[in-house]
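A.B. asks: After the structure tokens below, expect a handful of questions from me.
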Amino acid sequence: GAGVSQSPSNKVTEKGKDVELRCDPISGHTALYWYRQSLGQGLEFLIYFQGNSAPDKSGLPSDRFSAERTGGSVSTLTIQRTQQEDSAVYLCASSSDGTSFYEQYFGPGTRLTVT
Amino acid sequence: AQSVAQPEDQVNVAEGNPLTVKCTYSVSGNPYLFWYVQYPNRGLQFLLKYITGDNLVKGSYGFEAEFNKSQTSFHLKKPSALVSDSALYFCAVRVPSSGSARQLTFGSGTQLTVLP
Numbered sequence: 004g005a006g007v008s009q010s011p012s013n014k015v016t017e018k019g020k021d022v023e024l025r026c027d028p029i030s031g032h033t034a035l036y037w038y039r040q041s042l043g044q045g046l047e048f049l050i051y052f053q054g055n056s057a058p059d060k061s062g063l064p065s066d067r068f069s070a071e072r073t074g075g076s077v078s079t080l081t082i083q084r085t086q087q088e089d090s091a092v093y094l095c096a097s098s099s100d101g102t103s104f105y106e107q108y109f110g111p112g113t114r115l116t117v118t
Numbered sequence: 067a068q069s070v071a072q073p074e075d076q077v078n079v080a081e082g083n084p085l086t087v088k089c090t091y092s093v094s095g096n097p098y099l100f101w102y103v104q105y106p107n108r109g110l111q112f113l114l115k116y117i118t119g120d121n122l123v124k125g126s127y128g129f130e131a132e133f134n135k136s137q138t139s140f141h142l143k144k145p146s147a148l149v150s151d152s153a154l155y156f157c158a159v160r161v162p163s164s165g166s167a168r169q170l171t172f173g174s175g176t177q178l179t180v181l182p
């Protein structure tokens with residue numbers, strides 16, 4: 004079946020601009036995660052959605068970062084007033100539910116470059 | 067706080083030889099452990115996991131890993147390496163009883179190169 008998809012695959016933006024990154028999870032998966040992968044920081048957790056519960060935003064690095072998940076499916080990660088340090092690959096993952104023993108399935112990522 | 071260490075940034079092995087990619091963890095509580103692989107310009111692919119039970123777990127593509135509680139390790143192994151196994155490997159942990167039970171905490175990754 005279809006895996007996790009993300010768009011765009013690459014995004015180049017100027018410093019100070021806002022960007023939106025999209026994630027389509029695997030159909031039926033109720034849990035959705037955003038991670039950031041960068042050279043200096045490795046893989047970092049950003050935010051977690053589970054069904055209709057309030058998201059766990061504990062990993063968001065600043066208030067310039069926000070995310071929403073509409074209808075329990077598609078999610079959008081928004082970065083306002085982008086900075087060069089935001090350059091990274093943003094990975095989305097989904098799992099059957101938020102239970103810890105279920106593995107997460109990752110999308111191909113969006114490579115963000117802030118110039 | 068939980069953490070994962072992958073002490074080797076790079077592992078080189080000849081094709082046909084056994085391979086080991088090391089992972090150690092530090093957690094409070096019982097861990098759930100995972101291995102993922104990342105090919106160039108691709109997302110992470112799940113390989114295997116340890117939740118409970120048999121300490122030796124088998125996963126995709128002939129990989130296996132052994133959970134060792136006393137050594138807090140979860141090393142990834144394969145009896146005979148293939149050139150196509152060359153990729154970046156990540157170990158990850160979750161602790162169900164912790165406040166951060168939902169997300170994975172990743173190691174820094176190990177680049178595996180299998181030489182023909």
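Just so you know, the sequences run in chain order A and B.
Per this note's numbering, residue 4 is the first one in the first sequence, and the count goes up by one each step.
Per this note's numbering, residue 67 is the first one in the second sequence, and the count goes up by one each step.
The beta carbon of each residue, even a glycine, is placed where N, CA and C say it ideally should be.
1. Using 8 Å as the cut-off, can you tell me whether the segment 143–160 of chain B makes contact with the segment 98–114 of chain B, which would need three or more C-beta pairs spanning the two stretches below that distance?
2. Distance, Cα to Cα, Ala57/A vs Arg72/A?
3. Tell me whether Ser97/A is buried or exposed, calling it buried when 16 or more other Cβ atoms sit within 10 Å of its Cβ.
4. Measure the alpha-carbon distance for Ser69/A versus Leu80/A and round it to whole angstroms.
5. Using alpha carbons as the reference points, say which of Lys144/B, Pro97/B, Arg168/B, Asn96/B lies closest to Phe52/A.
6. If we call anything under 7 Å between Cβ atoms a contact, is Val117/A one with Asp89/A?
7. Which residues, in chain order, does the segment 69–89 of chain A contribute to contact with chain B at a C-beta distance below 7 Å?
8. Taking the CB atoms as reference points, tell me whether Val103/B and Gly173/B lie closer together than 7 Å.
9. Please name the residue, chosen from Trp37/A, Asn55/A, Gln83/A, that lies closest to Glu47/A on a Cα-to-Cα basis.
10. Does DSSP classify Asp120/B as helix, strand or coil?
11. Any Cβ of chain A within less than 7 Å of the Cβ of Phe140/B?
12. Spatial neighbours of Gly6/A within its chain, please: C-beta separation below 8 Å, excluding the five flanking residues on both sides.
13. Let's see if you can read the secondary structure: which residues bound the beta strand (DSSP E) around Asp27/A?
14. For the beta strand (DSSP E) that Glu132/B lies in, which residues bound it at each end?
C.D. replies: Taking the definition as stated:
1. yes
2. 10 Å
3. buried
4. 6 Å
5. Arg168/B
6. yes
7. none
8. no
9. Trp37/A
10. coil
11. no
12. Ile29, Tyr108, Gly110
13. 22–27
14. 130–134
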